[in-house]
């Protein structure tokens, strides 16, 4: 699956993947997208761990800005550091939405949302679905192309189905 | 006398599975579903080791751990951290191990045995 090609044809994509391929896919995708400007929203991996992973795999991170919704839950960090905006927690959907909104106005090439699966760990399905719908709508009004990651897990079928209705294309990796 | 382990995790599956395995291996086990409950049970039960999920609803774990003076705590984390962050989290005198989820239950058992015997 060529993420760049898919995003050139579809502004918003929901990318479903098996958990066994998750780490490989996020790395492959960021390698393909990273020469461009990316805003990377992370809800499970700290931005420091992602930077470490990307650097280890020779991904240029200079063009990546992170919205880190997890670090504040485990350590003291300011609201902002170089290349990172910290949100209080993965459950703070309004806060996450507001920060993303700011970035969409800066015309980043790509938005990577990692991941819808993590959202459900902290919040019920209904508010998550509403959040996804609103976010996709905002992306569509911008010049940014967005990919939303989700694991293909049975327990999240309902959210995946609903989210699939909002995006331009659902791509499933088996 | 059997060693006592306190499991603090908001996921019932984790609490139940780890409890079952530890009890089968001769440990006494107490559980708690969040940091505040974990702190109360730690004070009351005085366990030899606390297995603490690093992220749970309620009072953040990083506010609870400093209050547990003298406790032996192993973090269990679903959050992926960098090596530097892990080292930083383990700087506290209380923290004796850092176990990444998902974990192999036999590996967890090995580590518990190493920490408390």
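Protein chains in written order, with our numbering: chain A, 1 to 174; chain B, 1001 to 1117.
A virtual CB, placed ideally from N, CA and C, is assigned to each residue, including glycine.
What you are looking at is a predicted structure, and each value in this text was computed from that prediction instead of being measured.
Output needed in chain order: residues of the segment 62-84 of chain A with a Cβ under 7 Å from some Cβ in chain B.
70, 73, 74 and 75
Kindly indicate which residue of B:1004, B:1093 and B:1091 has the alpha-carbon position closest to the one of residue 1045 of chain B.
Nearest C-alpha to residue 1045 of chain B: B:1004.
Could you pull the DSSP bridge partners for residue 66 of chain A from this structure?
A:40 and A:84
Please report how far the alpha carbon of residue 73 of chain A lies from the alpha carbon of residue 91 of chain A, in whole angstroms.
11 Å
Thinking residue 37 of chain A and residue 109 of chain A are a contact (beta carbons under 8 Å), I'd like their distance in whole angstroms, please.
Confirmed, about 5 Å.
Could you give the residue range of the alpha helix (DSSP H) that holds residue 1086 of chain B?
1083-1089
So, under 8 Å CB-CB, residue 1065 of chain B and residue 1032 of chain B are touching, yes? Tell me the CB distance rounded to an integer number of Å.
No, residue 1065 of chain B and residue 1032 of chain B are not in contact; Cβ-Cβ is about 14 Å, not under 8 Å.
Do you know offhand how far residue 15 of chain A's Cα is from residue 122 of chain A's?
20 Å
Check whether chain B comes within 8 Å of residue 6 of chain A, counting only Cβ atoms and requiring the distance to be less than that.
So no, residue 6 of chain A is outside the interface.
Closer than 8 Å, CB to CB, is residue 1079 of chain B near chain A or not?
yes
Could you list the residues in the segment 1022-1056 of chain B with a C-beta less than 7 Å from some C-beta on chain A, going in chain order?
1054 and 1055
Under a CB-based cut-off of 8 Å, is residue 124 of chain A close to chain B?
Judged by the 8 Å Cβ criterion, residue 124 of chain A is not in contact with chain B.
When you check each C-beta in the segment 1082-1093 of chain B against every C-beta of chain A, which residues fall closer than 8 Å?
1082, 1083, 1084, 1085, 1088 and 1089
Hey, does residue 1066 of chain B have any beta-carbon neighbour from chain A nearer than 8 Å?
no
Taking residue 46 of chain A as the reference, give the member of A:63, A:76 and A:100 with the closest Cα.
A:76
Measuring alpha carbon to alpha carbon, tell me which residue in B:1011, B:1028 and B:1097 is nearest residue 1057 of chain B.
B:1011
Using a Cβ-Cβ cutoff of less than 7 Å, which residues in the same chain neighbour residue 1100 of chain B once the five nearest sequence positions on both sides are dropped?
1077
For the segment 17-47 of chain A, which residues have a CB atom closer than 7 Å to at least one CB atom of chain B, in sequence order?
44, 45 and 46
Spell out the partners DSSP gives residue 1077 of chain B in its beta bridges.
B:1100
Suppose you measure from the CA of residue 104 of chain A to the CA of residue 138 of chain A; what does that come to, to the nearest Å?
8 Å
With distances taken between CB atoms, is the gap from residue 114 of chain A to residue 43 of chain A smaller than 8 Å?
yes
On the criterion of 16 or more Cβ atoms from any shown chain inside 10 Å, does residue 8 of chain A qualify as buried, or is it exposed?
exposed
Can you list, in chain order, the residues of its chain whose CB lies under 6 Å from that of residue 29 of chain A, leaving out five sequence neighbours each side?
3
Excluding sequence positions up to five away, which residues of its chain have a Cβ less than 7 Å from the Cβ of residue 162 of chain A?
129
Determine the direct distance from the alpha carbon of residue 19 of chain A to that of residue 1107 of chain B, and round the result to whole angstroms.
21 Å
Using the beta-carbon of each residue, which ones in chain B are nearer than 8 Å to residue 247 of chain A?
This structure leaves residue 247 of chain A out entirely; chain A is present only between 1 and 174.
Along chain A, in chain order, which residues have C-beta atoms closer than 9 Å to that of residue 1062 of chain B?
73, 74, 75 and 76
Taking 8 Å as the threshold (C-beta atoms), are residue 173 of chain A and residue 21 of chain A in contact?
yes
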